[in-house]
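Counting with our numbering, you get residues 2 to 123 for the letters of the sequence shown.
The beta-carbon is built from N, C-alpha and C at its ideal position, and this holds for glycine as well.
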Amino acid sequence: AVLRKVYDEVRLVDVLDSGDTAHLAMMKRPDLGVTFTKLHCWTLTEYSKCVFMDADALVLSNIDELFEREELSAAPDPGWPDCFNSGVFVFRPSDETYGKLITACSENGSFDGKLHSLVLLY
Numbered sequence: 002a003v004l005r006k007v008y009d010e011v012r013l014v015d016v017l018d019s020g021d022t023a024h025l026a027m028m029k030r031p032d033l034g035v036t037f038t039k040l041h042c043w044t045l046t047e048y049s050k051c052v053f054m055d056a057d058a059l060v061l062s063n064i065d066e067l068f069e070r071e072e073l074s075a076a077p078d079p080g081w082p083d084c085f086n087s088g089v090f091v092f093r094p095s096d097e098t099y100g101k102l103i104t105a106c107s108e109n110g111s112f113d114g115k116l117h118s119l120v121l122l123y
C-alpha cells in the first residue's frame with residue numbers, strides 16, 4: 002500500500018531465482034540469485050525503450066541521454082571486465098526477448114548465477 006502512494010504504477014512479479022547456489026556461495030553473494038527477477042522488465046511492452054535501475058542506484062543529474070543509447074547498453078562491471086553491471090541498463094521491452102531469456106535461464110542458467118552472465122550468453 003505504501004508503494005502505491007509513492008509510485009504511479011506498482012507491478013507484482015514472481016521471483017526468478019538462478020538456483021545456482023554453488024557459484025553464488027563461492028562468491029559469498031547468495032542474494033544475487035534472485036537478480037533473474039529483473040527479466041520481467043522485458044514484459045513492459047507498452048514502452049518502446051526503458052532504463053532499468055536497481056533500487057540502490059542514485060540519480061544525481063538528468064539521465065535523458067540513456068534513452069538515446071541502443072539496447073543493450075550498460076556500464077562495465079569493474080570486478081568482471083568481460084561483463085556488465087546489471088544495476089543500470091538500457092533495453093527494449095519485447096515478449097519475444099523475454100521468452101527467449103526465460104528459456105535460456107531454465108535451460109542454461111548463467112556461468113556464475115547472476116543476471117548479467119545470462120544476458121551475455123543469450
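{"Asked": "Rounded distance between the beta-carbons of residue 92 and residue 53, thought under 8 Å", "Found": "6 Å"}
{"Asked": "Nearest-angstrom Cβ-Cβ length linking residue 44 and residue 99, presumed shorter than 8 Å", "Found": "5 Å"}
{"Asked": "Rounded straight-line distance, which links the Cα of residue 105 to that of residue 123", "Found": "At residue 123, the pLDDT of 49 sits below 50, so the modelled position is not reliable; the number obtained from the coordinates is stated separately. Their Cα atoms are separated by approximately 7 Å."}
{"Asked": "Residues of its chain near residue 46, where Cβ-Cβ distance is below 8 Å and the 5 sequence neighbours each way are ignored", "Found": "94, 95, 96"}
{"Asked": "Within 9 Å, strictly: CB atoms of residue 86 and residue 77", "Found": "yes"}
{"Asked": "Simplified DSSP assignment, three categories, for residue 107", "Found": "helix"}
{"Asked": "Proximal residues to residue 42 (C-beta, below 8 Å), its chain only, five neighbours per side dropped", "Found": "51, 53, 92, 94"}
{"Asked": "Among 72, 56, 57, 40, nearest to residue 49 - alpha-carbon criterion", "Found": "72"}
{"Asked": "Where the beta strand (DSSP E) through residue 52 begins and ends", "Found": "51 to 54"}
{"Asked": "Where residue 96 falls: helix, strand or coil (DSSP)", "Found": "helix"}
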